[in-house]
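Okay, structure first, notes after.
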């Protein structure tokens with residue numbers, strides 16, 4: 006992928022701390038003008054728990070020595086760490102002609118297409134942003150059918166990608182996180198995204214041996230296409 010496309014800047018940040026990255030993208034969004042370029046930041050984070058704006062402390066079970074950062078994105082608590090690919094699209098939604106729901110749908114679609122390239126079938130769950138896979142057979146291409154069990158909408162599923170955004174004056178920041186090959190133990194110390202007992206997986210644990218550097222261009226290509234940059 007090129008470092009820039011018309012109207013879009015691509016910023017590979019490498020492995021960075023969550024706090025300064027959050028502050029930088031918020032500052033960019035708050036000061037940007039009508040002609041400011043859209044950007045996509047790609048990175049991995051040092052271990053951190055990110056708490057959403059309406060996050061409840063009860064979902065932080067045993068954070069231990071892992072720092073907890075209060076963010077201003079939507080959603081509850083999640084974990085970021087090495088081996089997880091994070092993408093932050095800083096997008097002028099009005100200029101792109103996208104409503105927030107359309108934007109979220111396209112972020113999820115980029116994840117679904119990325120997983121499909123790796124032979125994995127991802128699934129959406131209504132009311133629970135992110136992407137899920139069948140634990141018994143992540144490579145089963147059959148769609149989920151019928152309503153999910155009311156007592157456990159995640160029965161038989163594991164979460165492989167999380168999503169949380171913030172929109173300020175029609176401009177988005179924060180984004181999505183795809184678990185590639187990471188230490189999943191910290192997820193057991195929280196209720197991931199506010200759901201007690203929700204199992205979290207990565208590509209490695211479901212049998213796909215890839216590195217973040219291999220997945221990054223796949224996800225980026227789908228984001229670029231779906232957000233209107235060809």
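In my numbering, the protein residues as written are 6 to 235.
Just so it is clear, CB atoms sit at the ideal spot from N, CA and C, and this is done for glycine as well.
For residue i, three-class secondary structure by DSSP
i, result
"residue 7", "The pLDDT assigned to residue 7 is 46, lower than 50, so where the model puts this residue is not dependable, and the model offers no usable value."
"residue 99", "helix"
"residue 163", "strand"
"residue 17", "strand"
"residue 134", "strand"
"residue 64", "helix"
"residue 153", "coil"
"residue 74", "strand"
"residue 194", "helix"
"residue 79", "coil"
"residue 199", "helix"
Residue i: first and last residue of the uninterrupted alpha helix (DSSP H) it sits in
i, result
"residue 33", "23–36"
"residue 231", "217–231"
Rounded C-alpha distance that separates residue i from residue j
i, j, result
"residue 58", "residue 68", "18 Å"
"residue 7", "residue 63", "Summary for residue 7: the model assigns pLDDT 46, below 50, so the residue's position carries little reliability; its value from the coordinates is reported in the next sentence. One C-alpha to the other measures close to 43 Å."
"residue 220", "residue 119", "8 Å"
"residue 82", "residue 99", "28 Å"
"residue 40", "residue 55", "31 Å"
"residue 95", "residue 13", "9 Å"
"residue 112", "residue 70", "31 Å"
"residue 106", "residue 133", "13 Å"
"residue 232", "residue 101", "8 Å"
Residue i: first and last residue of the uninterrupted beta strand (DSSP E) it sits in
i, result
"residue 107", "Unbroken run through residue 107 is the alpha helix (DSSP H), 105–122; no beta strand (DSSP E)."
"residue 40", "That residue, residue 40, is in no beta strand (DSSP E); it is neither H nor E in DSSP."
Residue of the options minimising C-alpha distance to residue i
i, options, result
"residue 130", "25, 144, 160", "160"
"residue 214", "186, 203, 149, 206", "186"
"residue 25", "53, 42, 36", "53"
"residue 87", "108, 42, 49, 66", "49"
"residue 227", "60, 201, 92", "92"
Which residues DSSP lists as bridging residue i, in chain order
i, result
"residue 181", "92, 168"
"residue 53", "85"
"residue 173", "176"
"residue 205", "164"
"residue 47", "17, 92"
"residue 128", "137"
Neighbour flag for residue i against chain D, beta carbons, 8 Å
i, result
"residue 194", "In summary, chain D is missing from the structure at hand, where a single protein chain is found."
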